[in-house]
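Chains as they are written, first to last, in this note's numbering: chain A, 28 to 568; chain B, 15 to 260. Don't be surprised by glycine CBs; every beta carbon is placed ideally from N, CA and C. Just so it is clear, the structure is predicted and the values come from calculations on it, not from any experiment. One structure is given below, encoded as structure tokens.
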Amino acid sequence: MRKSIYFFVWLVVLLIFVAPLAYLVTLPSLAQFLEILTHPNQLTAIQNTLLVSLSVGICCVVLGVPLAWLLTRTNLPGKEKLRTWFCLPYAIPPYVGAIGWIILANPNSGLLNTVFGLGLNVYSFMGLVWVETSFLFTFVLLTTLTALDSMDSSLEEAARLSGANAWDVFRDISLPLLRPAIFNGFVLSFLATAASFGVPAMIGGPARLYLMTTQIYTYQRMGTTQGVQMAIGVSVLLMIATLVLLFLVQNTIGKQKSYLVGGKSTRPSLLPLKQATWPVFTILCALLFAVFILPLLGLLISALSSVQGQWSLSNLSFNNFYRVLFQTEETWRAVTNSLILGFSAAGICTVFSFFAAYFPAKTLLRGRSLPGIFASVPFSTPGSVLALALILVFSQGYFGVGPSLYNTLGLILIAYIVKYMSLSIKTVHDGYSQIHPSLEEAARISGAGFGAVLRTIYLPLLKSSLIASAFFIFMPVMSELTMTILLSGPGLETVGTLIFSLQEYSDVAGGGASVLSLLVVTIIFTLNFALKKLSKGRYGL
Amino acid sequence: MSHLQFTNVGKLFSGDNWAVKNFNLTVNNAEFVSFLGPSGCGKTTTLRMIAGLEENTHGVIKFDNDIVSDPENKKYLPPEKRHVGMMFQSYAVWPHMNVFDNVAYPLKFQKLDKATIKKEVSQVLKIVELDGLEERKPNELSGGQQQRVALARGLVMKPRILLLDEPLSNLDAKLREKMRRDIREIQLRLKLTLVYVTHDQKEAFQMSDKVVVMNKGQIEQIGTPAEIQNSPSTQFVREFVEIGSH
Numbered sequence: 028m029r030k031s032i033y034f035f036v037w038l039v040v041l042l043i044f045v046a047p048l049a050y051l052v053t054l055p056s057l058a059q060f061l062e063i064l065t066h067p068n069q070l071t072a073i074q075n076t077l078l079v080s081l082s083v084g085i086c087c088v089v090l091g092v093p094l095a096w097l098l099t100r101t102n103l104p105g106k107e108k109l110r111t112w113f114c115l116p117y118a119i120p121p122y123v124g125a126i127g128w129i130i131l132a133n134p135n136s137g138l139l140n141t142v143f144g145l146g147l148n149v150y151s152f153m154g155l156v157w158v159e160t161s162f163l164f165t166f167v168l169l170t171t172l173t174a175l176d177s178m179d180s181s182l183e184e185a186a187r188l189s190g191a192n193a194w195d196v197f198r199d200i201s202l203p204l205l206r207p208a209i210f211n212g213f214v215l216s217f218l219a220t221a222a223s224f225g226v227p228a229m230i231g232g233p234a235r236l237y238l239m240t241t242q243i244y245t246y247q248r249m250g251t252t253q254g255v256q257m258a259i260g261v262s263v264l265l266m267i268a269t270l271v272l273l274f275l276v277q278n279t280i281g282k283q284k285s286y287l288v289g290g291k292s293t294r295p296s297l298l299p300l301k302q303a304t305w306p307v308f309t310i311l312c313a314l315l316f317a318v319f320i321l322p323l324l325g326l327l328i329s330a331l332s333s334v335q336g337q338w339s340l341s342n343l344s345f346n347n348f349y350r351v352l353f354q355t356e357e358t359w360r361a362v363t364n365s366l367i368l369g370f371s372a373a374g375i376c377t378v379f380s381f382f383a384a385y386f387p388a389k390t391l392l393r394g395r396s397l398p399g400i401f402a403s404v405p406f407s408t409p410g411s412v413l414a415l416a417l418i419l420v421f422s423q424g425y426f427g428v429g430p431s432l433y434n435t436l437g438l439i440l441i442a443y444i445v446k447y448m449s450l451s452i453k454t455v456h457d458g459y460s461q462i463h464p465s466l467e468e469a470a471r472i473s474g475a476g477f478g479a480v481l482r483t484i485y486l487p488l489l490k491s492s493l494i495a496s497a498f499f500i501f502m503p504v505m506s507e508l509t510m511t512i513l514l515s516g517p518g519l520e521t522v523g524t525l526i527f528s529l530q531e532y533s534d535v536a537g538g539g540a541s542v543l544s545l546l547v548v549t550i551i552f553t554l555n556f557a558l559k560k561l562s563k564g565r566y567g568l
Numbered sequence: 015m016s017h018l019q020f021t022n023v024g025k026l027f028s029g030d031n032w033a034v035k036n037f038n039l040t041v042n043n044a045e046f047v048s049f050l051g052p053s054g055c056g057k058t059t060t061l062r063m064i065a066g067l068e069e070n071t072h073g074v075i076k077f078d079n080d081i082v083s084d085p086e087n088k089k090y091l092p093p094e095k096r097h098v099g100m101m102f103q104s105y106a107v108w109p110h111m112n113v114f115d116n117v118a119y120p121l122k123f124q125k126l127d128k129a130t131i132k133k134e135v136s137q138v139l140k141i142v143e144l145d146g147l148e149e150r151k152p153n154e155l156s157g158g159q160q161q162r163v164a165l166a167r168g169l170v171m172k173p174r175i176l177l178l179d180e181p182l183s184n185l186d187a188k189l190r191e192k193m194r195r196d197i198r199e200i201q202l203r204l205k206l207t208l209v210y211v212t213h214d215q216k217e218a219f220q221m222s223d224k225v226v227v228m229n230k231g232q233i234e235q236i237g238t239p240a241e242i243q244n245s246p247s248t249q250f251v252r253e254f255v256e257i258g259s260h
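This is the structure:
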């Protein structure tokens, strides 16, 4: 039984995780790459992608690193609360923020412009960078926080006793030791920007600022052979660049991480901010307000405004909520679809991981860690690219065998599973590694076979990891847009695509996208806090 | 001559939760003093208050005639201004710097020229028997050698007081024995004022001029090793000394 399950895991991984992307890579010819690299539009898209991603990556470091330091190394009041709040944007899809910022800062009727006369224009390079940064800085923040938490604080204390002041310690000790973590965070936010679709589509479009992902979408939508070929070419380019960059980072700077954790140490001595305490606290609260509260407030105001762009009390009503939730039939279709997809993807991924993660964590079988590595490739691949690969492989049956899955919930479900499986496998794998091998051995000696060991030992002990895994899949699936927009046609909405179409063209009265965005944010926060409560703080933000 | 003085020093965490309470002690120049007690007795907290890594909430700490901490009068000298050396339990040798840079680091803040720094560092490295390893990175050193780097870094700044926080607990028995003798020998030779934290009775009695036995944040007894072993003043000290001798 053990052997056949192992075989099954390999089969699924090879057929569904590896084959589509491998197939996609073989499609474009060298001539097509050359054509793309000389085509002015494509060249601009590549340049834009690099420029925007680089700017976002740098802004994320500038914002995330000092923030992480303040939240771990000083006596700032309310640190724990601030920490939770600053990490929350990590869970929200950035396109929700884009909608919020369009309401706040579009050049014609943005609230910040009409009410405060700030003269902001979100439809610009700076606007795009700001909106992406305001969510993706959490990547840098989280990697840096983790590194600071695990760093032996006596390394920094020894420097202070040597005569170094707080700034010297940061420059000479903390920063060099944090470099791998910061770099990892930088690369993650860089790649997340390069892979994002919602924000560049909503903000970059009106600004005539096209990125590779939005180009893929446009070409795929053309429907012509030439269009699809262009989409394939750009996709392969984006995917190769992404994977090469990740591989390089993980095998160079990312590897230095090992020496971060020193011996046991006492709790770090906190740097007293003294007179700076309240100014710093105020700045952080203002920052939190600007990156997080303000766009949500924009969504709320827009959702409650009968007429968009007007700011008066008499304009407030629940009309938009009523219209979207009760008078629009697509809404319920979309919510039902998203729920079906969410539950199915979460269930399938978790069950699969329960079996798949057993082998790398608990056996010495040959090639045991490869399925996990293969599953992490689609996770790192930009969603647009993955979706395109799946369309090509599944649109006429699986490589021509069986029924077409194009424009069905089935294909969307497969896409979600392939994309997010890695999250699930990692979570369950961590759970397995915390269970001492003697527990399984004792069960074996008592006469339990493989099935009984899984059922009576691992299933109960892994309960919290499995629940966490289901949440980790369900949350991103509820609002996925990048892949779904390519995989679905009219009549097959999900919450993500409905928000996108309401925002982009179909909601004339306005406010509909805001109502649904608020719904998504509420669901995600509720799930996050439920997970945190259920796992007693071990999982969740 | 009194060199380090505690007057009614205390650290209150919250409510009635004292980490250290009513701590009174005088440490003389060139004296080797050990804080001895079980884990959680407040010995490390007291040591860290000398360094300025923790702030006492009550009482006064003085180095010679300088008040370094007096919360009542809002006086607190930050660690980088106290000029004390410290050896941590976890070594705290910086992994991204070689041995020379680790040891030379405190001299960076004393505005010395390069030649002087080089001379001072090589002198100290000779004392701790690490000469010739200047270019090595910490991950190329053994645990004992890393410990000596940490000691050298504490010595090079010619500290007013050298603090050692259970520095030998990560070493194997044989190495520990040699380090004990070496540390004591260096302390005597350089006439250092040294405060040593340990939970190991044998270690404290073997090395120290004076031992401070602590329990639950308070001092149980202060005396020479002989005084404490021969006439323990409380039940706690008697039991603690006895357990250790078996």
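Assuming contact is defined by CB atoms lying nearer than 7 Å, are A:Pro-571 and A:Ala-383 in contact in what I supplied? Any answer about residue 571 of chain A is impossible in this case: the structure gives chain A only from 28 up to 568.
Can you name the residues of chain A whose CB is closer than 7 Å to the CB of B:Leu-67? Glu-184 and Ser-296
Inter-residue spacing [alpha-carbon to alpha-carbon] between A:Phe-274 and A:Tyr-246: 29 Å
Just to confirm, is the Cβ distance from B:Leu-9 to B:Pro-93 under 7 Å? Residue 9 of chain B lies beyond the stretch modelled for chain B, which goes from 15 to 260, so this question has no answer here.
For chain A, is any of its Cβ atoms less than 7 Å away from the one on B:Ser-104? yes
Below 7 Å between beta carbons: does that hold for B:Pro-246 and B:Val-225? no
Of all Cβ atoms in chain B, is any one closer than 7 Å to the Cβ of A:Leu-188? yes
What residue does the beta strand (DSSP E) around B:Ile-236 start on, and which one ends it? 232-237
Strictly under 7 Å for the Cβ-Cβ distance: is A:Asp-179 near chain B by that measure? yes
Go through its chain and collect everything with a Cβ distance to A:Val-548's Cβ below 7 Å, but skip five positions before and after it. Ile-119, Val-123 and Leu-323
Find the residues of chain B that neighbour A:Leu-204, judging by a C-beta separation of less than 9 Å, and give them in chain order. Trp-108, Pro-109 and His-110
The segment 205-229 of chain A: positions lying closer than 7 Å to chain B by Cβ: none
In terms of residue numbering, what span does the beta strand (DSSP E) encompassing B:Asp-115 cover? Careful: B:Asp-115 lies outside any beta strand (DSSP E), inside the alpha helix (DSSP H) at 113-122.
Show which residues of chain A have a CB atom less than 8 Å away from the CB atom of B:Tyr-119. Ala-186, Ser-189, Ala-191 and Asp-199
Nearest-angstrom Cβ-Cβ length linking A:Cys-86 and A:Thr-160, presumed shorter than 8 Å: 4 Å
Since I believe B:Pro-181 is in contact with B:Asn-153 (beta carbons under 8 Å), could you give me their beta-carbon distance rounded to a whole number of angstroms? Between B:Pro-181 and B:Asn-153 the Cβ distance is about 20 Å, and since that is not below 8 Å, they are no contact.
Once DSSP output is grouped into helix, strand and coil, what is the label at A:Ile-320? helix
Own chain partners of A:Glu-357 with C-beta closer than 7 Å, once the 5 adjacent residues on each side are dropped: Glu-520 and Leu-525
Looking at the structure shown, is B:Ile-81 part of a helix, part of a strand, or coil, going by DSSP? strand
Does B:Pro-93 come within less than 7 Å of chain D when only Cβ atoms are used? The displayed structure is made up of protein chains A and B, and chain D is not among them.
Which same chain residues, not among the five before or five after A:Leu-529, have their C-beta less than 6 Å away from its C-beta? Gly-539 and Ala-540
In whole angstroms, what separates the C-alpha of A:Tyr-286 from that of B:Leu-155? Bear in mind that the predicted position of A:Tyr-286 carries a pLDDT of just 48, short of 50, making it too unreliable to give a figure here.
Residue burial classification, A:Trp-194 (beta-carbon count within 10 angstroms, cutoff 16): exposed
In whole angstroms, give me the CA-to-CA distance for A:Ser-465 and A:Ile-550. 40 Å
In the DSSP assignment, what are the bridge partners of A:Leu-343? A:Ser-332
So, is the C-beta of B:Phe-123 closer than 7 Å to a C-beta in chain A? yes
Of the choices A:Thr-101, A:Leu-327 and A:Arg-248, whose alpha-carbon is the least far from that of A:Thr-304? A:Thr-101
Leaving out five residues on either side along the sequence, give the residues of the same chain with a beta carbon under 6 Å from the beta carbon of A:Val-318. Ser-161
So which residues of chain A does B:Asn-99 contact, with C-beta pairs closer than 9 Å? The sequence shown places Gly at residue 99 of chain B, not Asn. Chain A residues near B:Gly-99: Leu-188 and Ser-189.
Is it buried or exposed for B:Asp-179, if we count other Cβ within 10 angstroms and need 16 for buried? buried
Could you check the C-alpha separation between A:Leu-70 and A:Thr-511 for me, to the nearest Å? 26 Å
Rank B:Leu-26, B:Ile-81 and B:Ala-44 by C-alpha distance to the C-alpha of B:Gly-56 and give the top, closest one. B:Leu-26
Does the distance from the C-beta atom of A:Phe-166 to that of A:Ser-80 stay below 7 Å? no
Where do the N-terminal and C-terminal ends of the beta strand (DSSP E) with B:Trp-32 fall, by residue? 31-42
Suppose the cutoff is 7 Å on Cβ atoms and the five residues either side in sequence are ignored; what does the same chain contact list for A:Asn-346 look like? Ser-333
Taking DSSP as the reference, what is the three-state secondary structure of A:Tyr-117? helix
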